[in-house]
Amino acid sequence: AQKITQTQPGMFVQEKEAVTLDCTYDTSDPSYGLFWYKQPSSGEMIFLIYQGSYDQQNATEGRYSLNFQKARKSANLVISASQLGDSAMYFCAMREVSGSARQLTFGSGTQLTVLP
Amino acid sequence: EPEVTQTPSHQVTQMGQEVILRCVPISNHLYFYWYRQILGQKVEFLVSFYNNEISEKSEIFDDQFSVERPDGSNFTLKIRSTKLEDSAMYFCASTTGQGLTDTQYFGPGTRLTVL
């Protein structure tokens with residue numbers, strides 16, 4: 001079973017509008033962390049936002065916020081007031097307590113295109 | 001702001017050749033990782049390294065791969081005899097700890113092309 005599922009291979013949004021990128025996850029660990037990374041066409045991986053499984057409030061970081069619904073096992077990224085520079089691939093990732101290395105497990109990504 | 005650096009940015013090699021990919025993690029970080037991303041696919045974990053030894057590795061990380069921290073700053077990934085399917089972007093990442101809130105910071109990646 002996939003641990004991280006991103007069902008939207010591609011999304012389009014008009015500049016200045018908000019967009020939600022979906023992420024669902026599967027884990028039996030009570031403690032885990034959820035991360036979103038941005039990968040522009042240049043290829044680097046840029047950390048955007050983090051949500052912990054025990055966090056009571058949804059994480060926010062500037063124009064990025066996380067709509068965390070624990071019972072549904074979803075951690076959707078919301079980008080408000082989209083900018084042309086937001087066009088990139090976005091990856092959702094999870095880090096679980098189990099496993100000695102606590103490496104990140106990534107989803108397949110969503111390619112976001114912001115239209116002028 | 002400190003950042004993870006990787007060299008080279010792009011490496012082209014012939015099948016069967018050895019390659020060494022280099023990374024300089026953020027200086028106060030203690031845990032180091034290599035990930036791989038085949039073109040158009042998801043990012044996959046290869047190996048983690050702590051206290052001068054491998055702490056975990058994936059099934060991708062077979063005997064052709066090795067990692068080393070030869071000095072206090074560099075962290076290298078060696079592929080002994082490259083195959084066509086090793087063509088990918090290789091990312092190094094580092095973090096201060098293994099707490100769930102410890103963010104892994106990624107380098108810009110090395111694009112490896114095996115001909």
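In order, the protein sequences belong to chains A and B.
Taking the numbering used here, I'd label the letters of the first sequence as residues 1 to 116.
Taking the numbering used here, I'd label the letters of the second sequence as residues 1 to 115.
Virtual Cβ for every residue (Gly too), placed ideally from N, Cα, C.
Note that the structure is predicted; figures quoted are calculated from it, not measured.
Give, in chain order, every residue of the segment 59-85 of chain A whose Cβ lies closer than 9 Å to some Cβ of chain B.
none
Would B/M15 be called buried (16 or more neighbouring beta carbons within 10 Å of its own) or exposed?
exposed
Taking all protein chains shown into account, do 16 or more other C-beta atoms lie within 10 angstroms of the C-beta of B/L115, making it buried, or fewer, making it exposed?
The residue is exposed, with fewer than 16 neighbouring Cβ atoms inside 10 Å.
Rounded to the nearest angstrom, what separates A/S72 and B/A88 at their Cα positions?
It should be pointed out that residue 72 of chain A corresponds to Arg in this sequence rather than to Ser. Looking at the two C-alpha atoms, the distance is approximately 34 Å.
Is A/Q103 close to chain B, meaning its C-beta is less than 8 Å from at least one C-beta of that chain?
yes
For B/G109, name the three-state secondary structure that DSSP assigns.
coil
Who does B/K78 pair with in a DSSP beta bridge?
B/I20 and B/S66.
Hey, how far is the Cα of B/E18 from the Cα of A/F47?
31 Å
In the structure shown, what three-state DSSP assignment does A/G85 receive?
helix
From A/Q56, A/P40 and A/S108, pick the residue whose C-alpha is nearest to that of B/P108; which is it?
A/P40
Residues in the same chain with beta-carbon distance under 7 Å from A/V114, minus the five sequence neighbours each way, listed in chain order, please.
V13, E15, S82, Q83, L84, D86 and S87
Using the C-alpha atoms, what's the distance from B/R111 back to B/S9?
6 Å
Interface residues of chain A around B/T101 at Cβ under 8 Å?
G33, Y50 and G52
Quick check on DSSP: helix, strand or coil for B/E85?
In the structure shown, B/E85 sits in a helix (DSSP, three-state: H, G or I).
May I ask you to report which of helix, strand or coil DSSP gives A/K38?
strand
Relative to the alpha-carbon of A/L112, which residue among A/L34, A/V78 and A/Y54 has its alpha-carbon at the smallest distance?
A/V78
Does any C-beta atom of chain A lie closer than 8 Å to the C-beta of B/V19?
Closer than 8 Å: no.
How about B/K42 and A/G107: do their beta carbons lie closer than 8 Å?
yes
Leaving out five residues on either side along the sequence, give the residues of the same chain with a beta carbon under 8 Å from the beta carbon of A/L104.
The answer, listed in chain order, is F35, A93, M94 and R95.
Here's the rule I'm using: 16 or more other beta-carbon atoms within 10 Å means buried, otherwise exposed. How should B/V4 be labelled?
buried
Would DSSP call A/G33 helix, strand or coil?
Strand.
Under the three-state reduction of DSSP, which class applies to A/M94: helix, strand or coil?
Three-state DSSP puts A/M94 in a strand.
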